[in-house]
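S.K.:
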Ligand code: C5P
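Below, the structure written as structure tokens:
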């Protein structure tokens, strides 16, 4: 496989074309951003940790029958993925109240939810990725009604598997964000990454944070937190 020209550089990843039309080459960067790019830093080793954690999680999901765009990990910071057209929605699943939901609804962080909540955010940096309803999704033509139903179903299925996976390593899966793409056949496929950048992960015994809130809220060393997740996942698999 040959790495070709840079197609896109995002906040956390660079995406390159390859000599295979349907395969992209992803490079995870060490940059951390929060609050829509307002807080920024370079954190050495973050790219490697997220690449390794995301590769492990996508592999374990595949073993449970959940497909994703992930093809193969190439190096510490690189992986190959299937090319998809990204659906402009961030699909957030919550098991415990935290973050923006705690703020928006005036609820205490850490309150367990009796059933998971799925939310849709419109992927638009200029708008600050607003929370939107299904009527807005239809209006914006971001996805069809049928796709929205599928996205919800797929996100809840991923949640079931991730809850079990993290529970086995003594981690509370508080919430997480997924992105999906459409394949050339028009099918929805899980895409982007699943890592401590995109999940809230708390130790079950101590509630210690091992996720991006370490950076967002200056709670501690991000790389140490992510390394703890990688170590627990590796020992377990
Ligand atoms: O900020 P908020 O509470 O809405 O985040 C919910 C979950 O989605 C968190 O796990 C957060 O890390 C993730 N998220 C993300 N990318 C965003 C927004 C939220 O990965 N742009």
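Residue numbers (full-length UniProt numbering): 1 to 237. Glycine included, every Cβ here is placed at the ideal spot set by N, Cα and C.
1) Is the CB-CB distance between residue 230 and residue 53 below 8 Å?
2) Give the secondary structure of residue 12 by DSSP, where H, G and I count as helix, E and B as strand, and everything else as coil.
3) Between 63, 180, 220, which lies nearest to residue 69 when the distance is taken from Cα to Cα?
4) Can you list, in chain order, the stretches of the beta strand (DSSP E) that have 3 or more residues and sit fully within the segment 147-212?
5) Which residue wins for smallest C-alpha separation from residue 5, given the options 28, 99, 16?
6) What distance in whole Å lies between the Cβ atoms of residue 14 and residue 29, which are believed to be in contact at a cut-off of 8 Å?
7) How close, in whole Å, do the beta carbons of residue 26 and residue 79 come, if the pair is a contact with beta carbons under 8 Å?
8) Closer than 7 Å: is that where the CB of residue 200 sits relative to any heavy atom of the ligand C5P?
9) Measuring straight from C-alpha to C-alpha, what distance separates residue 155 and residue 118?
10) Going by beta carbon distance, what residues of the same chain come within less than 8 Å of residue 189, once the five residues before and after it are set aside?
11) Applying the 10 Å Cβ sphere with the 16-neighbour rule, what's the burial state of residue 32?
12) On the DSSP bridge list, what partners appear for residue 41?
13) Exposed or buried, what is residue 58 when buried is set at 16 or more other beta-carbons lying within 10 Å of its beta-carbon?
14) Three Cβ pairs or more, each shorter than 8 Å: is that satisfied between the segment 200-217 and the segment 126-140?
15) In chain order, what residues of the same chain lie with their CB nearer than 7 Å to the CB of residue 11, ignoring the 5 residues before and after it?
16) Excluding five sequence neighbours on each side, which residues of the same chain lie with their C-beta closer than 6 Å to the C-beta of residue 111?
17) Shortest alpha-carbon distance to residue 86 belongs to which of 8, 213, 174, 63?
18) Take the Cβ of residue 214 as the centre, count every other Cβ of all protein chains shown within 10 Å, and call the residue buried at 16 or more, exposed below.
19) Pick from 51, 195, 167: whose alpha carbon is nearest that of residue 177?
20) Is residue 75 helix, strand or coil by DSSP?
21) Rounded to whole angstroms, what is the Cα-Cα separation between residue 101 and residue 201?
M.R.: Let me lay it out:
1) Your numbering for residue 230 matches position 230 in the chain shown. Your numbering for residue 53 matches position 53 in the chain shown. Contact flag set, yes.
2) Position 12 of the chain shown, counting from 1, holds the residue named residue 12. In the structure shown, residue 12 sits in coil (DSSP, three-state: anything other than H, G, I, E or B).
3) Along the chain shown, read from residue 1 onward, the residue named residue 69 stands at position 69. The candidate whose alpha carbon is nearest that of residue 69 is 180.
4) 171-182, 188-191, 199-203
5) Mapped onto the chain shown, residue 5 falls at position 5. The shortest Cα separation from residue 5 among 28, 99, 16 belongs to 16.
6) As a first step, residue 29 must be located in the chain shown, where it is residue number 29. As a first step, residue 14 must be located in the chain shown, where it is residue number 14. Right, the Cβ-Cβ distance comes to about 6 Å (below 8 Å), so this counts as a contact.
7) Stepping through the chain shown from its first residue, residue 26 is reached at position 26. Stepping through the chain shown from its first residue, residue 79 is reached at position 79. The pair is a contact, with the Cβ atoms about 5 Å apart (cut-off 8 Å).
8) Mapped onto the chain shown, residue 200 falls at position 200. Correct: residue 200 has its Cβ closer than 7 Å to the ligand C5P.
9) The residue labelled residue 155 in the question sits at position 155 within the chain shown. The residue labelled residue 118 in the question sits at position 118 within the chain shown. C-alpha separation (whole angstroms): 8 Å.
10) Translated into positions along the chain shown, residue 189 becomes position 189. Contacts found: 67, 68, 69, 82, 84, 180, 181, 182, 183.
11) For the purposes of this step, residue 32 is taken as residue 32 along the chain shown, with counting starting at 1. Answer is buried; the Cβ neighbour count reaches 16.
12) To locate residue 41, count along the chain shown from 1; it is residue 41. DSSP output for residue 41 lists 32 as bridge partner(s).
13) Here the question's residue 58 lines up with position 58 in the chain shown. Under this definition residue 58 is a buried residue.
14) no
15) Looking up residue 11 in the chain shown gives position 11. These residues qualify, in order along the chain: 31, 33, 37.
16) Here the question's residue 111 lines up with position 111 in the chain shown. Answer for residue 111: 97, listed in chain order.
17) On the chain shown, position 86 is the one that residue 86 refers to. Closest option to residue 86, Cα to Cα, is 8.
18) Here residue 214 refers to the residue found at position 214 of the chain shown. The residue is buried, with at least 16 neighbouring Cβ atoms inside 10 Å.
19) For the purposes of this step, residue 177 is taken as the residue at position 177 of the chain shown. Among 51, 195, 167, the Cα nearest to that of residue 177 belongs to 195.
20) Residue numbering aside, residue 75 sits at position 75 when the chain shown is read from its first letter. The answer is coil: DSSP assigns residue 75 none of H, G, I, E or B.
21) Locating residue 101 in the chain shown gives position 101, where the first residue counts as 1. Locating residue 201 in the chain shown gives position 201, where the first residue counts as 1. Using only the alpha carbons, I get a separation of about 16 Å.
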